[in-house]
Amino acid sequence: MPSYKIIPNYSLKELTTIKTGGRTQYFAKVSNIAEIKELIQFARESLLPFLIIGNGSNILFSDEDFCGIVISLNGKLKDIVFDDKNSTVTAGAGAPLMKLGFDIARRGFLGCAYMAVIPGTVGGAVRINAGTLEEGDIKDHFLSALVLNPTTGVICEYDKDSMRFAYRNSVLARSRKIILQATFKLPQQDRLYSKEAQKIVSELLAVRKAKQPVNQKNFGSTFKRPLPGKPPGWYLEQAGMKGMRVGGAMVAQEHANWIVNVDNATSSDVKKLIEIGQKRVFEKFGIWLEREVIYLPEDMEDWHD
Ligand SMILES: Cc1cc2nc3c(=O)[nH]c(=O)nc-3n(C[C@H](O)[C@H](O)[C@H](O)COP(=O)(O)OP(=O)(O)OC[C@H]3O[C@@H](n4cnc5c(N)ncnc54)[C@H](O)[C@@H]3O)c2cc1C
């Protein structure tokens with residue numbers, strides 16, 4: 001008997017940090033690899049698309065209902081296991097990245113503070129090489145990942161080279177493959193550093209709270225930083241976007257690259273703000289800002305096996 005229930009007609013608002021979107025035909029939380037495979041088989045037999053969701057912190061779901069299955073990774077797929085002898089840690093793809101970051105800091109490893117401030121899961125973070133400009137990103141500590149090809153059922157190990165990490169990008173960023181777990185090499189450790197490492201994390205969190213509306217409903221940065229170029233927030237602010245409102249969505253006063261759901265926003269409200277921002281920045285600076293937030297299910301059309 002599988003330990004999961006397939007819940008019909010589930011609200012996508014509950015699954016994302018921006019709290020917008022329609023409903024999904026089915027939602028299920030799985031606990032192990034066998035259950036993922038079983039659900040994929042169910043999806044195939046039912047001719048339904050499926051989607052793995054992490055913490056929903058980089059997603060804008062459509063207001064239309066999703067005729068498919070949304071799968072969340074739980075149970076064993078959230079385990080975090082330290083290997084002190086080899087100074088590595090292996091985390092299930094469903095593990096919260098913040099928990100991983102805090103656990104690492106508590107053990108006295110310096111240098112992974114960026115993990116402790118990003119509210120995604122390990123799978124979602126590996127997929128786009130999440131990180132912060134100042135503190136580093138996933139590629140800095142990544143050793144390998146186990147990845148399931150849902151079409152063939154084969155599980156492969158990806159090392160750092162095969163991940164082809166780049167700024168908020170990797171070989172899996174537009175892939176239907178499923179990240180099952182990732183192993184990270186830990187930086188310098190000393191039990192004495194534990195307090196110091198935790199202090200660095202707390203300070204980083206405090207800086208973010210002061211500059212970004214982290215406690216409101218949002219999905220973090222809307223756009224990627226143009227390379228070369230200034231941070232997107234700078235262009236958006238110059239283009240007069242700060243505080244602009246469409247329906248219940250607003251460009252944050254604290255940071256023009258963040259959109260917040262202030263009053264029952266729809267995804268369509270958010271998309272309109274994104275389009276206005278892109279258009280204005282293009283007209284003023286000739287730069288087309290690329291979205292960091294993922295539109296689902298629209299963006300899935302470009303995904304490959
Ligand atoms: C307050 C706030 C602050 C943020 N700060 C940062 C920051 O500093 N740096 C940064 O990089 N990002 C930041 N983000 C964005 C977001 O947290 C990251 O992009 C994070 O990596 C997304 O992870 P997730 O688990 O929420 O992924 P989701 O949003 O759930 O999913 C994103 C995509 O990944 C796919 N996916 C998820 N899990 C898997 C898996 N196991 N296998 C295959 N595909 C998978 C999904 O299908 C989807 O396409 C922030 C967001 C918020 C709300």
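Its first residue numbered 1, the sequence shown is counted upward by one per residue in this note's numbering.
Using N, Cα and C, we set each Cβ at its ideal position, and we do this for glycine too.
All values derive from a computational prediction rather than experimental measurement.
Check                                                                                                   : Outcome
Buried/exposed call for A197, threshold 16 Cβ in 10 Å                                                   : buried
Selected residue, minimal CA-CA separation from A239, among V201, E292 and I274                         : I274
V171 CB to nearest heavy atom of ligand 1 below 7 Å                                                     : no
Assigned exposure category for C156 - 16 Cβ within 10 Å defines buried                                  : exposed
C-alpha gap between G153 and K37, whole angstroms                                                       : 7 Å
Residues near S31 in its chain [Cβ-Cβ closer than 8 Å; skip 5 each side]                                : S3, Y4, N74, G75, K76 and L77
Straight-line gap, N169 to P119 (C-alpha atoms, nearest Å)                                              : 18 Å
Burial state of T151, where buried means 16 or more other Cβ atoms lie within 10 Å                      : exposed
Same chain, Cβ closer than 8 Å to S194, neighbours up to 5 away in sequence not counted                 : A105, R106, R107 and G108
Beta bridge counterpart(s) of E157 as assigned by DSSP                                                  : L146
Inter-stretch contact (C-beta, 8 Å, three-pair minimum) for the segment 196-213 and the segment 158-177 : no
CA nearest to the CA of Q212, picked from I200, V89 and G233                                            : G233
Check: D251 C-beta below 7 Å from any heavy atom of ligand 1                                            : Strictly speaking, residue 251 in this sequence is Val, with Asp absent from that position. It does not: the Cβ of V251 is nowhere closer than 7 Å to a heavy atom of ligand 1.
Contact under 8 Å by Cβ, K272 with V251                                                                 : no
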